[in-house]
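Let me begin by presenting the structure, written as structure tokens, before commenting on it.
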Amino acid sequence: MNDRKIKQFNAERDPFLTAFRGSFTSTLRWHQFEALWSLLHQDAAGWYVYAIGTQPPESHSSEQQLHRFLQEMEALLRREHDEDYCGIVYADNLSRPGFIKIFDPNNLGVSCGYSDNPPLPGWILSRLKPVDLPSAVLPAGRKRWWRRLFG
């Protein structure tokens, strides 16, 4: 088996990628988003925070880092996704989340429904250690925002 096939085989068996490709439910309404965020604030230990387009984190975020991320992300989503619905935050389980995809309001494409090339989320919260996802270069403003949060 050549190196490319070995990497592809290993990627197909990676728990993070399996979870990433799994089933997700949208926080369609803002009250669903708020309930999810409340759960995360209550159980802030053991989460990886991953901005797609940067190197995946090697360790969990601290509880303080996660709280800050949640506050900043909520402010960003409310400011830049000025809609009466949320619909761009997805969780594997809304009552017991372990994997959350957050789509960038400025790069939505087809985030729901079917697409041969759906956009990658902008950010992922996961209990599983992330692997590097192929992605487009983040806009400079998003990179500055991310560096301000996590250096």
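The letter at position 145 of the sequence shown is residue 1405 when you use the working numbering, and the numbering goes up by one with no holes.
Ideal Cβ positions, reconstructed from N, Cα and C, are used throughout, including at glycine.
Reduced DSSP secondary structure (H/G/I, E/B, other) of residue i
{"i": "residue 1278", "result": "helix"}
{"i": "residue 1298", "result": "helix"}
{"i": "residue 1383", "result": "strand"}
{"i": "residue 1391", "result": "coil"}
{"i": "residue 1304", "result": "coil"}
{"i": "residue 1359", "result": "strand"}
Candidates the options, of which the one nearest residue i by Cα
{"i": "residue 1338", "options": "1327, 1354, 1294, 1326", "result": "1294"}
{"i": "residue 1387", "options": "1308, 1315, 1329, 1364", "result": "1308"}
{"i": "residue 1318", "options": "1390, 1407, 1405, 1408", "result": "1390"}
{"i": "residue 1300", "options": "1405, 1357, 1384", "result": "1357"}
{"i": "residue 1320", "options": "1405, 1385, 1407", "result": "1385"}
{"i": "residue 1355", "options": "1409, 1302, 1282", "result": "1302"}
{"i": "residue 1289", "options": "1279, 1314, 1343, 1298", "result": "1343"}
Spatial neighbours of residue i in its chain, beta-carbon cut-off 6 Å, leaving aside the 5 residues before and after
{"i": "residue 1287", "result": "1293, 1296, 1346, 1349"}
{"i": "residue 1275", "result": "1388"}
C-beta neighbour in chain D for residue i, strict 8 Å
{"i": "residue 1292", "result": "No chain D is part of this structure, which consists of one protein chain only."}
Close-in-space but distant-in-sequence residues of the same chain around residue i (CB under 7 Å, 5 per side omitted)
{"i": "residue 1437", "result": "Past the edges of the chain, shown from 1261 to 1411, lies residue 1437, and the structure says nothing about it."}
{"i": "residue 1341", "result": "1348, 1365"}
{"i": "residue 1284", "result": "1350, 1351, 1352, 1361"}
{"i": "residue 1316", "result": "1310, 1390, 1391, 1392"}
Per DSSP, the bridge partner or partners of residue i
{"i": "residue 1311", "result": "1383"}
{"i": "residue 1351", "result": "1285, 1360"}
Cβ neighbours of residue i in the same chain (closer than 8 Å, five flanking residues each side left out)
{"i": "residue 1332", "result": "1405, 1409"}
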